[in-house]
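Please read the structure below before turning to the comments.
Protein chains: 2
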Amino acid sequence: MNEQNAEIKPYVIGLDLGGTNSVFGIVDARGDIKATTAIKTGGYSNVDDYVAASVEALQPIIEQVGGIEKIKAMGIGAPNGNYYNGTIEFAPNLPWAHNGVVPLAKLFSDALGIPVALTNDANAAAIGEMVYGVARGMKNFIVITLGTGVGSGIVVNGQLLYGHDGFAGELGHVTMVRGEEGRACGCGRTGCLECYCSATGVARTAREMLAKTDRPSLLRDMNPEDITSLDVSIAAGKGDELAKDIYEFTGKMLGEACADFAAFSSPEAFIFFGGMVKAGELIMKPIREAYDAHVLKIFKNKAKFLVSGLDGASAAVLGASAIGWEV
Amino acid sequence: MNEQNAEIKPYVIGLDLGGTNSVFGIVDARGDIKATTAIKTGGYSNVDDYVAASVEALQPIIEQVGGIEKIKAMGIGAPNGNYYNGTIEFAPNLPWAHNGVVPLAKLFSDALGIPVALTNDANAAAIGEMVYGVARGMKNFIVITLGTGVGSGIVVNGQLLYGHDGFAGELGHVTMVRGEEGRACGCGRTGCLECYCSATGVARTAREMLAKTDRPSLLRDMNPEDITSLDVSIAAGKGDELAKDIYEFTGKMLGEACADFAAFSSPEAFIFFGGMVKAGELIMKPIREAYDAHVLKIFKNKAKFLVSGLDGASAAVLGASAIGWEV
Chain E
1 MNEQNAEIKP YVIGLDLGGT NSVFGIVDAR GDIKATTAIK TGGYSNVDDY VAASVEALQP
61 IIEQVGGIEK IKAMGIGAPN GNYYNGTIEF APNLPWAHNG VVPLAKLFSD ALGIPVALTN
121 DANAAAIGEM VYGVARGMKN FIVITLGTGV GSGIVVNGQL LYGHDGFAGE LGHVTMVRGE
181 EGRACGCGRT GCLECYCSAT GVARTAREML AKTDRPSLLR DMNPEDITSL DVSIAAGKGD
241 ELAKDIYEFT GKMLGEACAD FAAFSSPEAF IFFGGMVKAG ELIMKPIREA YDAHVLKIFK
301 NKAKFLVSGL DGASAAVLGA SAIGWEV
Chain L
1 MNEQNAEIKP YVIGLDLGGT NSVFGIVDAR GDIKATTAIK TGGYSNVDDY VAASVEALQP
61 IIEQVGGIEK IKAMGIGAPN GNYYNGTIEF APNLPWAHNG VVPLAKLFSD ALGIPVALTN
121 DANAAAIGEM VYGVARGMKN FIVITLGTGV GSGIVVNGQL LYGHDGFAGE LGHVTMVRGE
181 EGRACGCGRT GCLECYCSAT GVARTAREML AKTDRPSLLR DMNPEDITSL DVSIAAGKGD
241 ELAKDIYEFT GKMLGEACAD FAAFSSPEAF IFFGGMVKAG ELIMKPIREA YDAHVLKIFK
301 NKAKFLVSGL DGASAAVLGA SAIGWEV
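Which chain is which? The protein sequence lines are E and L, in order. Numbered per UniProt numbering, the first sequence spans residues 1 to 327. Numbered per UniProt numbering, the second sequence spans residues 1 to 327.
Structural data, given as structure tokens:
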């Protein structure tokens, strides 16, 4: 960032645009979040209404830091965000962007009168880790976000991997189970990593394991449709063997996937981020074990397996804001 | 490259170090190969003997271009070559480097008195394509080499992807068939892309298909153990349906693998290189079809599928030589 500019315009706006909530933060150059606000992402049928509601919510916190003239730029982390074009393209979970190309960066830029950069949410998390988190000083690493979906941000040679079209790093959609056995994925294909290792994938595994066997489990006290990955994690924490096996299955698949990812970019570290990471060693141990069992000999015992140290809620906003400094 | 230097030292040596042959070329800045020589790679029990034999073979062609003082550097493309260290590490097909770390760049540098850079053979092919081939002007592409094994060189943001340890880009060893059904691979694991889509993989598929069915085929006239991918290609060229199905199977798996690779680095093009590519549309058509059927929606109809236009024998030497200019 330009130091002189940082004095005159000492803040950037970060927007963590999720399927449910849109969280805004005004952030200074040291990564301190000075003010935040939020709106529901899905409550708008078209993007113009969404941007108008966002700007209205932003006004008070912009005033709080001294007005828009104190703000250098805005960074957005959003599903299916395209860094090159500033667009969101065919994002299945966004009602106003599920079936087309939405020029969100330009719309915000026009509405606020500042430059706006946009990338996908997992890329924003990767930048957040590089600027403020456990990836400080690393040139090659992969952030894997385990939330409602599975996302990834890949850094090589110290740069985010955007690829030819801006969409590189969709590791949630590598195929882990080929053929008819693969679970149906929200992307329209089958067998994607995301169908198994997202929070919803874990809940799906729970329902499958409960239906296929008559093993006892605390999870049998619940309506199967209501089970979440958090319930599985809590049951496992109480020693429930079936629940532990669900995390074992999930971690094993993630570890096998990481072994393939190593063959691609040979990262210094895999960094796990998102709600599911709260399960701790329940998920991290089978990840490491499956990785060691499956990775090519030349990569053995090289990569670190880390958990994001950033507070989940603020990390995504910080990551989004970090791309604002680069505009 | 430095123009002034190029005048004083107008040549580099390129070494394409394969499992069978080691081919040397002296190359000028325009990519013209001025002189070549070769030795057998495997005919030496230790690396010192290999280097000594190489230097002996090189002497006449070095003299031919005016002596070692005309040569800026040497570039080596070798299996399991590590760009960062200049070493070959645990290369299963090299008798003098199959079970350890061999500092080949340093040994050649000491013997010849010039700087030496080394990378794996597929990375060298990728640089060859970028400098002299179909990838000129591209910033993001993947070269997949289909030979005795399956190798890859990945370019992102105009740079070769070396990863944290120098070994990134081992796409022949992503797992395509998980579990017990996977074929045993030379790397000690099972189900790798290489077990199916290398020349030896194609021959293996032929033997399996011949054994599993009683379908008629020209290949039945041969001893199954003698069948090569070239035989399959020739039979397919004569309209043999079983032989065509073998290439269909092979191309389909490559296309599915490329769909996963797109999720990683979203390249502008996949470039296929090596002996198997001579099968032409027999293999390229199922690759494209399987890619289109399996790739994530946002990547559809974006990537090009190209065949290397460089002459196979010289391309590897040119690629190896190209890294010599960068020393």
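Where a beta carbon is used, it is the ideal one built from N, C-alpha and C, also for glycine.
- According to the DSSP secondary-structure assignment, Q159/E is paired through a beta bridge with V156/E.
- Here DSSP, grouped into helix, strand and coil, assigns L94/L to coil.
- When H164/L, K212/L, E225/L, A117/L are compared, the shortest CA-CA separation from L242/L is found for K212/L.
- Each of G201/E, F249/E, L107/E, E56/E was checked against the Cα of S229/E, and the nearest Cα belongs to G201/E.
- Here T20/E carries a coil assignment [DSSP, helix/strand/coil].
- Think of a sphere of 8 angstroms around the beta carbon of D260/E: the chain L residues whose beta carbon falls inside it are V174, T175, D260, in chain order.
- Judged by pairs of C-beta atoms under 8 angstroms, the stretch 100-109 of chain E does not touch the stretch 129-138 of chain E, as fewer than three such pairs exist.
- The beta carbon of Y162/L sits closer than 6 angstroms to those of Y83, A168, all from its chain and outside the five residues before and after it, given in chain order.
- A125/E is the residue among L118/E, R178/E, A125/E whose C-alpha sits nearest the C-alpha of I154/E.
- E63/E does not reach chain L, its nearest Cβ partner there being about 38 angstroms away, counting only Cβ pairs nearer than 7 angstroms.
- K72/E sits buried, since 16 or more C-beta atoms from the chains shown fall within 10 Å of its C-beta.
- With a threshold of 7 angstroms between beta carbons, P286/E makes no contact with chain L.
- Q159/E has a beta carbon lying within less than 7 angstroms of a beta carbon in chain L.
- About 6 angstroms separates the Cβ atoms of F90/L and I298/E, confirming a contact at the 8 angstroms cut-off.
- The C-beta of E56/L has fewer than 16 other C-beta atoms within 10 Å across all chains shown, which makes the residue exposed.
- Using a Cβ distance threshold of 7 angstroms, V295/E and A269/E do not count as a contacting pair.
- In this structure, M176/E lies near G191/E, with their beta-carbon atoms less than 7 angstroms apart.
- From the beta-carbon of H164/L, the residues of chain E found nearer than 9 angstroms are M138, K139, N140, F141, S265, S266, P267, E268, A269, K302, A303.
- Setting aside the 5 residues that flank it on each side, D245/E is surrounded in the same chain by M209, each with a C-beta closer than 8 angstroms to its C-beta; the list follows chain order.
- Non-local beta-carbon contacts of S321/E in its own chain, meaning distances under 6 angstroms to residues more than five positions away in sequence, involve V12, G14, V27, G75 in chain order.
- Two segments are said to touch when three or more pairs of C-beta atoms, one from each, lie closer than 8 angstroms; by this definition the stretch 169-189 of chain L does not touch the stretch 282-292 of chain L.
- The alpha helix (DSSP H) runs lying completely inside the stretch 24-87 of chain E and spanning 4 residues or more are 47-64, given in chain order.
- With fewer than 16 neighbouring CB atoms inside 10 Å of its own CB, G237/E falls in the exposed class.
- Here T228/E is not bridged, per DSSP, to any residue.
- Nearest to I287/E by alpha-carbon distance, out of L146/E, W96/E, I227/E, is L146/E.
- E248/E is outside the set of residues whose beta carbon lies under 7 angstroms from a beta carbon in chain L.
- Residues of chain E whose Cβ lies closer than 8 angstroms to the Cβ of G188/L are, in chain order, K297.
- Distance from the CA of V307/L to the CA of K285/L, rounded to the nearest whole angstrom, comes to 12 angstroms.
- With a minimum length of 4 residues, the unbroken runs of alpha helix (DSSP H) contained wholly in the stretch 106-183 of chain E fall at 121-132.
- Looking from the CA of T148/E, the closest CA among K70/E, F273/E, A29/E, N223/E belongs to F273/E.
- Contacts with chain E at 7 angstroms (Cβ-Cβ) do not include V327/L.
- When DSSP reads this structure, I271/E sits in a beta bridge with V143/E, L306/E.
- For K40/E, the number of other beta carbons within 10 angstroms of its own is below 16, and it is reported as exposed.
- Interface annotation for the stretch 92-106 of chain E against chain L: empty, criterion Cβ-Cβ distance under 7 angstroms.
- The residue from L318/E, P79/E, Y196/E with its alpha-carbon nearest to that of E181/E is Y196/E.
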